[in-house]
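Working notes for the structure below.
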């Protein structure tokens, strides 16, 4: 791992309400830290998040370094498009790759893909080497098939997103092994993350 390695959690801040899904993000950071054997002072992370104040919604980024150092940064929260135009990326993921299941700075493939987004495309979706649908560069994927909302199973190789986790717990979505054909024939498609929520998506290309 590089010296700049960090475990990451990205979420929203809303005045009067605080951090969106803050407890779920802290729980995921704790799981990731344990998996990677990184010291995590959850009480300190909670303090940083509780003490933050702003007059307008902000984009928050909590990072944890190898040494256990925590940092909370905020940035402007840009308006999201009402519909994301999405396209399938040519690279196929190894579903057994350990980096897929944790949110860290070791995500060069996704960063490079976002830096080279084709004109008119807002998000790129990945399949694995078995042809199964995985996730986007910054989002999980959801689709409607047979009257129910589905999302790719973790076994396909993807990040257990916090919005995804919440929706599964609420019974709003079910995990399934999905293919590109499922994506292309879906009644409706969405992409989403904890920061942006659920965004309708249109497949292009």
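Residue numbers (the numbering used here): 275 to 479.
Each residue gets a CB set at the ideal place from its N, CA and C atoms; glycine is no exception.
Close Cβ partners of residue i (< 8 Å) along its chain, the five nearest in sequence each way excluded
i, result
"residue 492", "Residue 492 is absent from the structure shown; the chain starts at 275 and stops at 479."
"residue 434", "302, 375, 428"
"residue 304", "314, 316"
Residues that DSSP places opposite residue i in a beta bridge
i, result
"residue 349", "333"
"residue 286", "333"
"residue 293", "287"
"residue 358", "475"
"residue 280", "339"
"residue 407", "401"
Residue closest to residue i, alpha-carbon to alpha-carbon, out of the options
i, options, result
"residue 322", "312, 292, 350, 340", "292"
"residue 336", "387, 403, 301", "301"
"residue 476", "333, 396, 402, 364", "396"
"residue 353", "418, 445, 338, 330", "330"
"residue 333", "421, 287, 456", "287"
Beta-carbon proximity of residue i to residue j, cut-off 9 Å
i, j, result
"residue 447", "residue 424", "yes"
"residue 453", "residue 398", "no"
"residue 312", "residue 349", "no"
"residue 267", "residue 430", "Residue 267 cannot be examined here, being either before or after the span of the chain that is shown, 275 to 479."
"residue 458", "residue 378", "no"
"residue 328", "residue 346", "no"
"residue 359", "residue 394", "yes"
Close-in-space but distant-in-sequence residues of the same chain around residue i (CB under 6 Å, 5 per side omitted)
i, result
"residue 357", "474, 476"
Sequence-distant residues of its chain with Cβ nearer than 7 Å to residue i (five each side left out)
i, result
"residue 295", "285, 436, 440, 468"
"residue 470", "354"
"residue 282", "335, 337, 377, 378, 379"
| What beta strand (DSSP E) runs, 3 residues minimum, are completely inside the region 363-388? | none
ask   = Taking the runs of the beta strand (DSSP E) that are 3 residues or longer, which of them lie wholly in the region 410-468?
value = 414-419, 422-426, 448-450, 462-467
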